[in-house]
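In the numbering used here, the protein residues as written are 1 to 421.
Ideal Cβ placement from N, Cα and C applies to all residues, glycine included.
Keep in mind the model is a prediction, meaning the values are calculated, not measured.
Worksheet: one structure, shown below.
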Amino acid sequence: MTGTNSTSPNYVIVTDQYWDGLADNPLGATEIRVENGNITAIATTVDHSNAQIIELKGHTVTPGFIDCHVHITFCEGDPTIPENPYMVTVPLMTLYSLNPLKILLMNGFTTVREVGCPDPEFITVDLKKAIANGWIIGPDLLVAPHLISAQGGHGDFTSLVAFQFRPEKFEVADGTAEIIRIVREEIRSGADWIKFCATGGFSSPTDDPSQTTYSQEEMNILVSTAKDFGISACPHAYGGEGVQRAVNAGVRSIEHGNLASSETLQLMEQKGVYLVPTQYTVLEKARNANNPEYWKSRSPWQHAKYQKYASQLIACADNLAKSNVKIAFGTDAGTFPHIDNWKEFPAMVQNGITPLRALKAATTVAAELLMQPNIGALAVGKFADIIAMPGNPFEDINVTGKVDFVMKRGVIYKQPSGGQV
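Written out as structure tokens, the structure reads:
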């Protein structure tokens, strides 16, 4: 299945405002020629021959957005989905993933990194193949198939599943020999990234985000084993010792990092490690920590942890905005409705990050983190991953939630007229 107008591979996009993913401000009126899925010209006027003209007046055209932290197989907040994702069959979990994939693409996210499925099978690897082959609709996927965790760590789901679901099959590994085996199994099965738990978390019932759940030796061997295969690691880590050990082990990005001190952020700057801060979901909960109405339908263990750490989470967001850490956009969508993943933009701005830095986080910086040179910017030779929204996100960041034109690899999936696949 492909997007609309797929029989006409050549287009000229005409807009009175565009941003290339690099400049400090929008760059004014332009035309962009797309041929066979790639950008072939950007200028005030380009060749219109043998091309369909797409008028996007009143819009800002940008590179397709990139979300570096999503969970496609989680559908929290969807009333039609069973509450416990750890007790769902593989076919059903796969089917549940189809709608979130389409939603993220329609939100303007043409590439996402999927960072962990709770099922022991390699569902997200197969979903990636299905999208690449045009069998289903969704963003281009990069996948960390599972969340590698120590016993009792954030990714040990034993306490959340019934015995008959054999929780020991989840990616729980202790000690260097078992960690090496699990990492190699992930890579053999199609992993683009290796995800592991450096600390506990908020959503898991039996650990704490301040706990460091792997030793330095274990993290070192995990990261180096992946690097031997040319694969980078992106640990779940909130702060303190866990982040520092992960950074010293040589990870490429830290996921969350919402309890990282100023000293830890400075270490990340020095080492060139990216941070994917997932601020929308974390800071919303922190600011509602003492609002009992907000927590009526949420887990009590999560509530208790946010009450404990709320002030520290808010302070750390301020520290991040003042730092020079390389921020890449990521949302944790799936732990909240995927349709709201764009709300990470206004959350970042609310927390002191400039609109320019937030927008670059979802375009050029995200592409750098993911080592994908053909996306993240509008330039000749890049993939034609192009979106548009009414208004100017530099003046009103909330227009990022109104994307009404989506092109991925030169195929149109959504148009301002309301047409979409």
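Take residue i and list the residues in its own chain whose beta-carbon comes closer than 6 Å to its own, dropping the five residues that flank it on each side.
i	result
E178	none
K343	Y280
Q216	R245
If I measure Cβ to Cβ from residue i and keep anything under 7 Å in the same chain, skipping five residues before and after, which residues do I get?
i	result
H303	W295
E76	G334, T335 and F336
K102	I137 and G138
W301	P205
I53	V12 and V14
L459	Nothing can be reported for residue 459: it is not among the residues displayed for the chain, which extend from 1 to 421.
A347	Q279, Y280 and L283
F229	I187
N291	none
V125	V143, P145, S189 and G190
A130	I136
T45	E31
N25	F394
Between the beta-carbon of residue i and the beta-carbon of residue j, is there less than 9 Å?
i	j	result
K128	P209	no
A362	F345	yes
V34	V61	no
A237	A226	no
D47	A29	no
P63	A377	yes
G239	N258	yes
V251	D192	no
Y274	E368	yes
E269	S323	yes
P235	F202	no
I231	I187	yes
K326	G272	yes
I39	Y18	no
R409	D20	no
A286	L313	yes
T176	A198	no
Report back the beta-carbon spacing between residue i and residue j to the nearest angstrom; my notes put them in contact at under 8 Å.
i	j	result
Q244	T264	6 Å
S253	A328	7 Å
V276	G330	4 Å
A23	V380	Rounded, the Cβ-Cβ distance is 16 Å, inconsistent with contact.
L267	V247	6 Å
I182	E171	6 Å
V406	L56	At roughly 12 Å, the Cβ-Cβ gap does not stay under 8 Å, so V406 and L56 are not in contact.
C117	P145	6 Å
A358	I387	That belief does not hold up - the Cβ atoms of A358 and I387 are roughly 15 Å apart, past 8 Å.
Whole angstroms is fine: what's the gap from residue i's alpha carbon to residue j's?
i	j	result
G37	P9	7 Å
N107	A315	30 Å
F163	D174	Because the pLDDT at F163 is just 47, under 50, the model does not fix this residue reliably, and the value given afterwards should be weighed accordingly. If I take the Cα positions, the gap works out to 21 Å.
G352	D318	7 Å
V403	P416	9 Å
K169	K308	Only weak support exists for where K169 lies, its pLDDT of 46 falling under 50; the coordinates are left without a value.
Q339	A310	With the sequence shown as reference, residue 339 is identified as Ile, and Gln is not the correct amino acid for it. So the two alpha carbons sit approximately 25 Å from each other.
I423	S49	This structure leaves residue 423 out entirely; the chain is present only between 1 and 421.
P100	E218	34 Å
M93	A51	41 Å
D385	S261	36 Å
R184	F109	30 Å
I194	L356	29 Å
L27	A132	32 Å
R298	T364	35 Å
L370	F65	13 Å
S224	N374	27 Å
N341	H154	22 Å
S189	A43	44 Å
K414	E255	30 Å
Q372	E293	43 Å
G401	A289	26 Å
V349	A249	31 Å
H59	T354	21 Å
D207	V399	38 Å
E395	D78	32 Å
Comparing the C-beta of residue i with each C-beta of chain E, is any distance below 9 Å?
i	result
C234	No chain E appears in this structure, which consists of one protein chain only.
CB-CB under 8 Å to residue i, same chain, minus the five flanking residues each way: which ones, in chain order?
i	result
Q422	No information on residue 422 is available, as it lies outside the stretch 1 to 421 that the chain covers here.
* To do: Answer yes if the region 383 to 392 comes into contact with the region 333 to 352, meaning at least three C-beta pairs across the two stretches below 8 Å, and no otherwise.
  => no
* Touching by the beta-carbon criterion (3+ pairs, under 8 Å), the region 105 to 114 and the region 62 to 73 -> A contact between stretches requires three or more CB pairs, one per stretch, nearer than 8 Å, and the region 105 to 114 meets this requirement with the region 62 to 73.
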